[in-house]
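In what follows, a single structure is set out as structure tokens and then discussed.
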Amino acid sequence: MTGADTPSPQQAPETSACPGCGAVLAVVPGLVGTHPGASASCAGLFAVTVRGLREEAGQDVRAASLLRVSTDAYDAQHLVPGGPAAAPVRLCLELERNVDHARSAALGSRVDDAAPRDLTAPARWTTTVADLAADLDVVDLPALVRAWADAVWADWAPAHDRLRAAADTALTG
Ligand SMILES: [Zn+2]
-17 MTGADTPSPQ
-7 QAPETSACPG
3 CGAVLAVVPG
13 LVGTHPGASA
23 SCAGLFAVTV
33 RGLREEAGQD
43 VRAASLLRVS
53 TDAYDAQHLV
63 PGGPAAAPVR
73 LCLELERNVD
83 HARSAALGSR
93 VDDAAPRDLT
103 APARWTTTVA
113 DLAADLDVVD
123 LPALVRAWAD
133 AVWADWAPAH
143 DRLRAAADTA
153 LTG
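Under the working numbering, the first residue of the sequence shown is numbered -17, with each subsequent residue one higher.
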């Protein structure tokens, strides 16, 4: 990762708003987008923020669980246009149906099949990865990830009925 959080002091960096979550971030020259529906800077910031979790996930169940929830929260803010709204369904499974990360991952294609494809994502988000990164100095990452996931799920409120129905279809189908 090439200095997503170290803008050059000589020049005011150009900024762009992420098409998914709306976070306004400095454009990092040469940074290539790695996530459909997200700006390159936003995807890069997310990758940096969860890098520690990614490194620990293989040995640490708690880190793996946090990585899963943070990835689903991020994906739920950056849906692929026209694709299934699988990430908010997975958030529902994890936050409301107490499905652990391993089971959630195992449900993969059933969640994709059950997820609605015609939902309109919320126009405004309470919390983005930019807020998460800004608070990281003063608040523990696990607490931030939980609060972020709860906020993303709450932002999806207009679609909760359909997302819950899809979650239950994936669980029982
Ligand atoms: Zn974003």
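A virtual CB, placed ideally from N, CA and C, is assigned to each residue, including glycine.
Can you give me the start and stop residues for the alpha helix (DSSP H) that residue i sits inside?
i: ALA45; result: 43 to 59
i: GLY90; result: 90 to 96
i: LEU75; result: 68 to 78
Taking 6 Å as the limit between beta carbons, can you name the residues of its chain near residue i, skipping five residues before and five after?
i: THR151; result: ALA96
i: LEU77; result: TRP135
i: PRO124; result: LEU48
What residue range is occupied by the uninterrupted beta strand (DSSP E) comprising residue i?
i: ALA29; result: First-last for ALA29: 22 to 31, but that is the alpha helix (DSSP H), not the beta strand (DSSP E).
To the nearest angstrom, how far is it from the Cα of residue i to the Cα of residue j?
i: VAL134; j: GLY155; result: 26 Å
i: GLY2; j: PRO104; result: 10 Å
i: SER23; j: ALA8; result: 7 Å
i: LEU48; j: GLY34; result: 11 Å
i: ARG92; j: ALA84; result: 14 Å
i: MET(-17); j: GLY40; result: Bear in mind that the predicted position of MET(-17) carries a pLDDT of just 49, short of 50, making it too unreliable to give a figure here.
i: ASN220; j: VAL32; result: The first residue shown for the chain is -17 and the last is 155, placing residue 220 beyond what the model contains.
i: PRO140; j: LEU114; result: 24 Å
i: PRO66; j: ARG144; result: 12 Å
i: ARG72; j: ASP117; result: 25 Å
i: LEU153; j: ALA147; result: 10 Å
i: LEU27; j: ALA112; result: 7 Å
What is the DSSP secondary structure of residue i, reduced to helix, strand or coil?
i: ALA115; result: helix
i: LEU7; result: strand
i: ALA(-1); result: strand
i: PRO140; result: helix
i: GLY34; result: helix
i: HIS17; result: coil
i: TRP130; result: helix
i: ARG99; result: coil
i: ASP122; result: coil
i: ALA105; result: coil
i: ALA87; result: helix
i: THR151; result: helix
Taking 7 Å as the limit between beta carbons, can you name the residues of its chain near residue i, skipping five residues before and five after?
i: VAL14; result: ALA22
i: GLU38; result: ALA45
Kindly list the residues whose CB is nearer than 8 Å to the CB of residue i, restricted to its own chain and excluding five residues on each side of it in sequence; keep chain order.
i: SER(-2); result: VAL6, LEU7, VAL9, SER21, SER23
i: VAL62; result: PRO18, GLY19
i: ASP132; result: LEU77
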